[in-house]
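Line by line, the protein sequences are chains A and B.
Heads up: the first sequence begins at 2 in our numbering, then just goes up one per residue.
Heads up: the second sequence begins at 7 in our numbering, then just goes up one per residue.
Even for Gly, the Cβ is constructed at its ideal location relative to N, Cα and C.
Keep in mind it's a predicted model, so treat the numbers as computed, not measured.
Report on the following structure.
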Amino acid sequence: MSKDWIEVGTINEIPRKGARVVRTPEGDIAVFRTADDRIFALRDKCPHKGGPLSQGIVHDTRVACPLHDWKIRLDTGEAVAPDEGCAATFPVKLEGETIYLSVKPDEGCPNS
Amino acid sequence: MKEKLVVIGNGMAGIRTVEELLKLAPDMYEIVVFGEEPYGNYNRIMLSPVLAGDKTIDEIMLNDEQWYADHGITLHKGKRVVEIDRVRRQVVAEDGTTESYDRLLVATGSRPFILPVPGNDLEGVIGFRDIADVDTMLEAARNRRHAVVIGGGLLGLEAANGLMQQGMSVTVVHLLDTLMERQLDRPAAEMLRKTLEERGLHFLMPAETEAIIGQERVEKVRFRDGTEIYADLVVMAVGIRPNVELAKAAGIHCERGIVVNDTLQTYDPRVYAIGECVQHRGKTYGLVAPLFEMARVCANHLARLGIGRYEGSVTSTKLKVTGIDLFSAGDFLGGPDSEELVFQDAARGVYRKLVVENNRITGVVMFGDTIDGSWYFDLMRDGTDISEMREHILFGQAHLGDSGHGEQNRVAAMPDDAEICGCNGVCKGDIVKAITEKKLFTLEDVRAHTKASSSCGSCTGLVEALLAHVVGGDYSTAPHLKPMCGCTEHTHDEVREQIRKQALKDIPSVMTALDWKTPDGCPKCRTALNYYLLCEWPGEYQDDSQSRFINERAHANIQKDGTYSVIPRMWGGGTTPQELKKIAEVAEKYNVKTVHVTGGQRIGLYGLKKEELPRIWRDLEEAGFVSGHAYGKALRTVKTCVGKEWCRFGTQDSTHLGIEMEKLTWGSWTPHKFKMAASGCPRNCAEATIKDLGVVCVDSGYEIHVGGNGGVKVRATDFLVHVKTEEEVLEYVAAFMQLYRENAHYLERTAPWIERVGLAFVKEQIVEDEQNRKLLAERFRRAQKFAQQDPWKERAEGSDRHEFQPLKEIG
Ligand code: SRM
Ligand SMILES: Cc1cc2nc3c(=O)[nH]c(=O)nc-3n(C[C@H](O)[C@H](O)[C@H](O)COP(=O)(O)OP(=O)(O)OC[C@H]3O[C@@H](n4cnc5c(N)ncnc54)[C@H](O)[C@@H]3O)c2cc1C
Ligand code: SF4
Ligand code: FES
Chain A
2 MSKDWIEVGT INEIPRKGAR VVRTPEGDIA VFRTADDRIF ALRDKCPHKG GPLSQGIVHD
62 TRVACPLHDW KIRLDTGEAV APDEGCAATF PVKLEGETIY LSVKPDEGCP NS
Chain B
7 MKEKLVVIGN GMAGIRTVEE LLKLAPDMYE IVVFGEEPYG NYNRIMLSPV LAGDKTIDEI
67 MLNDEQWYAD HGITLHKGKR VVEIDRVRRQ VVAEDGTTES YDRLLVATGS RPFILPVPGN
127 DLEGVIGFRD IADVDTMLEA ARNRRHAVVI GGGLLGLEAA NGLMQQGMSV TVVHLLDTLM
187 ERQLDRPAAE MLRKTLEERG LHFLMPAETE AIIGQERVEK VRFRDGTEIY ADLVVMAVGI
247 RPNVELAKAA GIHCERGIVV NDTLQTYDPR VYAIGECVQH RGKTYGLVAP LFEMARVCAN
307 HLARLGIGRY EGSVTSTKLK VTGIDLFSAG DFLGGPDSEE LVFQDAARGV YRKLVVENNR
367 ITGVVMFGDT IDGSWYFDLM RDGTDISEMR EHILFGQAHL GDSGHGEQNR VAAMPDDAEI
427 CGCNGVCKGD IVKAITEKKL FTLEDVRAHT KASSSCGSCT GLVEALLAHV VGGDYSTAPH
487 LKPMCGCTEH THDEVREQIR KQALKDIPSV MTALDWKTPD GCPKCRTALN YYLLCEWPGE
547 YQDDSQSRFI NERAHANIQK DGTYSVIPRM WGGGTTPQEL KKIAEVAEKY NVKTVHVTGG
607 QRIGLYGLKK EELPRIWRDL EEAGFVSGHA YGKALRTVKT CVGKEWCRFG TQDSTHLGIE
667 MEKLTWGSWT PHKFKMAASG CPRNCAEATI KDLGVVCVDS GYEIHVGGNG GVKVRATDFL
727 VHVKTEEEVL EYVAAFMQLY RENAHYLERT APWIERVGLA FVKEQIVEDE QNRKLLAERF
787 RRAQKFAQQD PWKERAEGSD RHEFQPLKEI G
């Protein structure tokens, strides 16, 4: 299945251990950059009560939701136990410094 | 080549040190262990339950032989070391096995003291120390009838109880007329004796053993007064002696124990010693908790991290006899300068005594109901000033822990549907179920699984009491100080000290220097470290915005729907028509959903989009507004009343004073939020006595009050000092804030901080010591030079643009 990659910016535009939002008609997507320069993308909506994950504190490959501190894994979108739930993940890739995103969520999480 | 570490003694202290060392530096040493006993390492304190038939030997093994193999450790089991040759740096075992060392750890423990009476070497006369002793006792219980236990201390009573459980008729012989005199006072000791008698133990006390009589095997015990009793087994539990002979023979300085310094080194710095065989600052220990504390420090030093120091332990004791609740800690007898708080309920068999000196608990004895033991122990160890809780303290934590809703029932008696956590709606039944089904042991676990106590925290005491009630206090884990978070072993205080000492100037350096266990921390430690560094190195430290909670990063409060609120500063609660017009204009222009007069005497605008914030701030700036820091662990507001300018009772110009206080302190980052107020007279309309710092004006000047809180748990302030001029007030404000900034733990408000350190400490630092006050104030003023930049203005002018703008808009 081919993906529709969209160029959304460069890695330097996102702070390390931070995130920026990509606005789409279907809702915001949070694009994260970890301390070691890996890039992940999640639906910007916490499985708990919809908190904007892009505003959370990024640590290792997790983000702490700003509203009630659930921890969400950036790679799978899953809440860290004992909490349960997931945020949809989106395909992203880095070519050189440029970030490409597909706005079609990966399958597996109902909250896309 | 790796250095070689040889450990003598395969017991609890030695192996705990090895475990700690493996955590810190798994590959640093080649490790060799000698153990006289022919097994791996087991939990010695569980020998009592094994004897009583509640546990098996398999269940109490801590590290089996596979564990040694898995970690590449050579174990010479069943081999007793007979010589340490410090010149050749090698140790020799009885069978000739020789190992050389670069560093040596002596952990030989202690052995039971055997009374020097005739017949003490007869068959059937033993101590209570190891698996072999337990085997001997079980063997005797199968074939014989009469057991005599000499010694009515902790160990003796556990042995006696175990033997009784195994069906023997047991007499406890004690030299004094009260049991466990080193842990219990007379009333508690008598309750204990009565309970044990009801269960079938016999006591002979006071009684001094004169001889043990028998041919080959023990037959009788004779006492000084001539009486004799039958005995097929005699267990001596009259004390222990540190095993120092080996070290002594090697010329290592020993007194009662092997003398060690704060890094657990003996007089020969290559040779460490740890556990019951050591003497540290004049004290020897016979409980595991201190040994575990020593192990941490020793491992730390062996790993060449060199940051830990062992400074001695405060210990507590529980008796491991099923169905008997007993707790004792500290100096439970008291001295001439101490007083006693006592509660006794003979009908329920409950007794509690607290020994108090200078408003601090120095000793605890409890019998019959020990739920609050760990709470008292914490208060004692932290040196918490208890003057505020004196009246209720004996009734336990459940009577204090709530938010002033009046008295709570004791947790044990609460029905299952009683709500424990009001924030998250969690009932007692939910918590008990989670604890039992998921096998939870710590407060953190309960928080994670049930959410109870994870929000405002006011129910923490109840949750802890429930845990203690359900799990039972696991006395065997060292009650060591709480680490900052799961990413580190270090406490808040240790981390701050090292930031200072090692001049650590950014978060990665702290994490490297202090061995963080996670690559880049977690929200808890990152936010704390960012604050500590900022406080320690004003002007120098580069604030890490990614280590700040969103509100502080965006300089506005996030709301439940992801929008933000903006609350500009209104100095001392005052405003002007121009300011009000500007707020009205902004509210209209940006479609503000709600305009609210806050509890802090200013106006909040709600429902704003993040992208618009910089523009809103620019508009507000036109009327001279700056950030109100309503989002920060920072100075919040200074509430004032109109004071003498208008009010017929006003004694001083409280409004002017409040504005000066706010001008001095705005922009300052603090461990938790910091609120102030100034009232014009003791009618106190600005509610100064529930603020972190409140000023109440009086005819003769100004009263300064500190440590109040109006939030989750209401606390009225403590009176600090009376001064005559506004200048003095300002100096005190600066000094107090700085003391709090430098001393409190992150997320600790002034109220709990003062309860922890005591008002006396605060007075000592800033009232009694004028020079120190001036220095603190000076440091505060210096830090303010860097802090008083309006963050809104900076952002309105374009800094941190990425924070407020989407990366891209698609479609
Ligand atoms: C806005 C305001 C309510 C209002 O509309 O009146 C408010 C709103 C919030 N308070 Fe408050 N508190 C407000 C005055 C108070 C007061 C009254 C006061 O300051 O005189 C108190 C009790 C006094 C005290 O602090 O001792 C108060 C005690 C709390 C507490 C409990 C603090 C405690 O130590 O017990 C929290 C929770 C916390 O900080 O962890 C809290 C937390 C909050 C938070 C920040 C909750 C959150 O994390 O989102 C609320 C932010 C809403 C927002 O976006 O603005 N708020 N809060 C008040 C802002 C005052 C201001 O102008 O800055
Ligand atoms: C029955 C019982 C109940 C207890 N209950 C409690 C309790 O409830 N709470 C509590 O805190 N503490 C309790 N204790 C005390 C606790 O077990 C000790 O404080 C702890 O085990 C001491 O650890 P250690 O490593 O110093 O000594 P040990 O655990 O005794 O280890 C020393 C080891 O060194 C070996 N050794 C000695 N000399 C040599 C040598 N020359 N060569 C080779 N090996 C050698 C010994 O064989 C032993 O295995 C209890 C003790 C006993 C016996
Ligand atoms: S503003 Fe304060 S009291 Fe009101 S809901 Fe929020 S935190 Fe609770
Ligand atoms: S909305 Fe994310 S934790 Fe509640």
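Would you tell me roughly how many angstroms separate the C-alpha atoms of B:Lys669 and B:Val712, rounded to the nearest one?
Reading the second sequence from its first residue, position 663 is the one you call residue 669 of chain B. Reading the second sequence from its first residue, position 706 is the one you call residue 712 of chain B. Near 19 Å, if we compare the C-alpha coordinates of B:Val712 and B:Lys669.
How far does the beta strand (DSSP E) with B:Ile219 in it reach, from first residue to last?
The sequence position of residue 219 of chain B within the second sequence is 213, counting from 1. B:Ile219 -> beta strand (DSSP E) spans Thr215 to Gly220.
Would B:Val179 and B:Met170 qualify as a contact pair, given that the criterion is a beta-carbon distance under 8 Å?
In the second sequence, counting from the first residue as 1, residue 179 of chain B sits at position 173. In the second sequence, counting from the first residue as 1, residue 170 of chain B sits at position 164. Result no, Cβ atoms of B:Val179 and B:Met170 do not sit closer than 8 Å.
Might you give, ordered along the chain, the residues of its own chain that have their beta carbon closer than 6 Å to the beta carbon of B:Arg95, omitting 5 neighbours on each side?
As a working note, residue 95 of chain B is residue 89 in the second sequence. Excluding residues within five positions, the ones whose Cβ falls inside 6 Å are Ser106 and Tyr107.
When you compare only the Cα positions, how much space is there between B:Glu261 and B:Tyr48?
Counting from one through the second sequence, the residue named residue 261 of chain B turns up at place 255. Counting from one through the second sequence, the residue named residue 48 of chain B turns up at place 42. So the two alpha carbons sit approximately 28 Å from each other.
Here's the rule: buried if 16 or more other CB atoms are within 10 angstroms of the residue's CB, otherwise exposed. What is B:Pro812?
Within the second sequence, numbered from 1, the residue matching residue 812 of chain B stands at position 806. By the 10 Å Cβ count, B:Pro812 comes out buried.
Answer yes or no: do B:Thr390 and B:Leu160 have a C-beta to C-beta separation smaller than 8 Å?
Translated into the one-based positions of the second sequence, residue 390 of chain B becomes position 384. Translated into the one-based positions of the second sequence, residue 160 of chain B becomes position 154. In this structure, B:Leu160 does not lie closer than 8 Å to B:Thr390 by Cβ.
Helix, strand or coil at B:Gln584 according to DSSP, with G and I counted as helix:
As a position in the second sequence, residue 584 of chain B is number 578, starting the count at 1. Helix at B:Gln584.
Express the C-alpha separation of A:Pro83 and B:Asp806 in angstroms, rounding to a whole number.
To locate residue 806 of chain B, count along the second sequence from 1; it is residue 800. To locate residue 83 of chain A, count along the first sequence from 1; it is residue 82. Each residue's alpha carbon lies about 35 Å from the other.
Below 7 Å on C-beta distance, what does A:Thr118 contact in chain B?
Lying outside 2 to 113, the shown extent of chain A, residue 118 of chain A is not represented and no answer is given.
Under 7 Å by beta carbon: chain B residues contacting A:Asp61:
Start at 1 with the first residue of the first sequence, and residue 61 of chain A comes out as number 60. Neighbours of A:Asp61 on chain B, chain order: Thr524, Pro525 and Asp526.
Give the interface partners of A:Leu54 over in chain B, defined as CB-CB distance under 9 Å, in chain order.
Translated into the one-based positions of the first sequence, residue 54 of chain A becomes position 53. In chain order: nothing, as chain B lies at least about 10 Å away.
Against chain A, with Cβ distances strictly below 8 Å, would B:Gly814 count as a contact?
Counting from 1 along the second sequence, the entry for residue 814 of chain B is found at position 808. First, the residue type needs correcting, since residue 814 of chain B is Lys and not Gly in the sequence shown. It does; some Cβ of chain A falls within 8 Å.
Would you identify the three-state DSSP class for B:His398, choosing helix, strand or coil?
Stepping through the second sequence from its first residue, residue 398 of chain B is reached at position 392. It is coil, neither helix nor strand.
So if I measure from each beta-carbon to every heavy atom of ligand 4 and keep distances below 7 Å, which residues remain?
A:Cys47, A:His49, A:Lys50, A:Gly51, A:Gly52, A:Cys66, A:Leu68, A:His69, A:Asp70 and A:Trp71
Assign B:Ala75 to one of two classes, buried (16 or more other C-beta atoms within 10 Å of its C-beta) or exposed (fewer than that).
Taking the second sequence and counting its residues from 1, the one referred to as residue 75 of chain B is at position 69. Exposed.
Among B:Asn563, B:Arg453 and B:Leu699, whose alpha-carbon lies nearest the alpha-carbon of A:Leu68?
Numbered from 1 along the first sequence, position 67 holds the residue referred to as residue 68 of chain A. Selected option, being the one with the closest Cα: B:Asn563.
On the DSSP letters alone, give me the boundaries of the beta strand (DSSP E) that B:Asn69 sits inside.
If you number the second sequence from 1, residue 69 of chain B lands on position 63. Here the beta strand (DSSP E) through B:Asn69 covers Met67 to Asn69.
What is the DSSP secondary structure of B:Phe298, reduced to helix, strand or coil?
For this step, residue 298 of chain B is matched to residue 292 along the second sequence. Correct three-state label for B:Phe298: helix.
When burial is assigned at 16 or more other CB atoms within 10 Å of the CB, is B:Arg453 buried or exposed?
Here residue 453 of chain B refers to the residue found at position 447 when the second sequence is read from its first residue. Buried, since its Cβ has 16 or more Cβ neighbours within 10 Å.
Could you compute how far the alpha carbon of B:Glu71 sits from the alpha carbon of B:Val39?
Taking the second sequence and counting its residues from 1, the one referred to as residue 71 of chain B is at position 65. Taking the second sequence and counting its residues from 1, the one referred to as residue 39 of chain B is at position 33. Distance between the alpha carbons of B:Glu71 and B:Val39: 12 Å.
Does the beta-carbon of B:Leu81, which I'm using as the reference point, lie nearer than 7 Å to any heavy atom of ligand 6?
Ligands present in the displayed structure are limited to ligand 1, ligand 2, ligand 3 and ligand 4, and ligand 6 is not among them.
B:Leu81 - partner residues in DSSP beta bridges
Sequence index remark: in the second sequence, residue 81 of chain B carries index 75 (1-based). Paired residue(s): B:Val39.
Inter-residue spacing [alpha-carbon to alpha-carbon] between B:Ile622 and B:Gln794:
Working through the second sequence from its first residue, we reach residue 622 of chain B at position 616. Working through the second sequence from its first residue, we reach residue 794 of chain B at position 788. Their Cα atoms are separated by approximately 20 Å.
Mapping the DSSP letters down to three states, classify B:His808 as helix, strand or coil.
Reading the second sequence from its first residue, position 802 is the one you call residue 808 of chain B. B:His808: helix per DSSP, three-state reduction.
Once you ignore the five residues that flank B:Pro620 on each side, which residues in its own chain have a CB closer than 7 Å to its CB?
Numbered from its first residue, the second sequence carries residue 620 of chain B at position 614. The answer, listed in chain order, is Arg801, Ala802 and Phe810.
Please report the distance separating the alpha-carbon of A:Pro26 from that of B:Gly817.
Along the first sequence, one-based indexing puts residue 26 of chain A at 25. Along the second sequence, one-based indexing puts residue 817 of chain B at 811. Rounded to the nearest angstrom, the two C-alpha atoms are 6 Å apart.
How many Å lie between B:Glu693 and B:Ala683 at the Cα?
Position 687 of the second sequence, counted from the start, is the residue given in the question as residue 693 of chain B. Position 677 of the second sequence, counted from the start, is the residue given in the question as residue 683 of chain B. When rounded, the distance between both Cα atoms is 7 Å.
What residue range does the beta strand (DSSP E) around A:Arg21 cover?
The residue you call residue 21 of chain A lines up with position 20 of the first sequence. A:Arg21 -> beta strand (DSSP E) spans Gly19 to Arg24.
One or two residues paired with B:Gly336 in a DSSP bridge
Here residue 336 of chain B refers to the residue found at position 330 of the second sequence. In DSSP, B:Gly336 forms a bridge with B:Gly369.
Find the nearest neighbour of B:Gly545 within the set B:Lys791, B:Gln565, B:Ile264 and B:Phe767, judged by alpha-carbon distance.
On the second sequence, residue 545 of chain B is found 539 positions in, with the first residue counted as 1. The option with the nearest alpha carbon to B:Gly545 is B:Lys791.
List, in chain order, every chain B residue whose beta-carbon is nearer than 7 Å to that of A:Gly19.
Along the first sequence, one-based indexing puts residue 19 of chain A at 18. Those are Gln552, listed as they occur along chain B.
Strand pairing of B:Trp675, partner residues [DSSP]:
Working through the second sequence from its first residue, we reach residue 675 of chain B at position 669. B:Ala640, per the DSSP bridge assignment.
Identity of the residue in B:Met667, B:Ser553, B:Gly707 and B:Arg721 nearest B:Trp577 by Cα
Here the question's residue 577 of chain B lines up with position 571 in the second sequence. Comparing Cα positions, the closest option is B:Met667.
Neighbour flag for A:Ile73 against chain B, beta carbons, 8 Å
For the purposes of this step, residue 73 of chain A is taken as residue 72 along the first sequence, with counting starting at 1. Chain B contact via Cβ: absent.
In this structure, does DSSP put B:Met490 in helix, strand or coil?
Within the second sequence, the letter at position 484 stands for residue 490 of chain B. Residue state, collapsed to three classes: coil.
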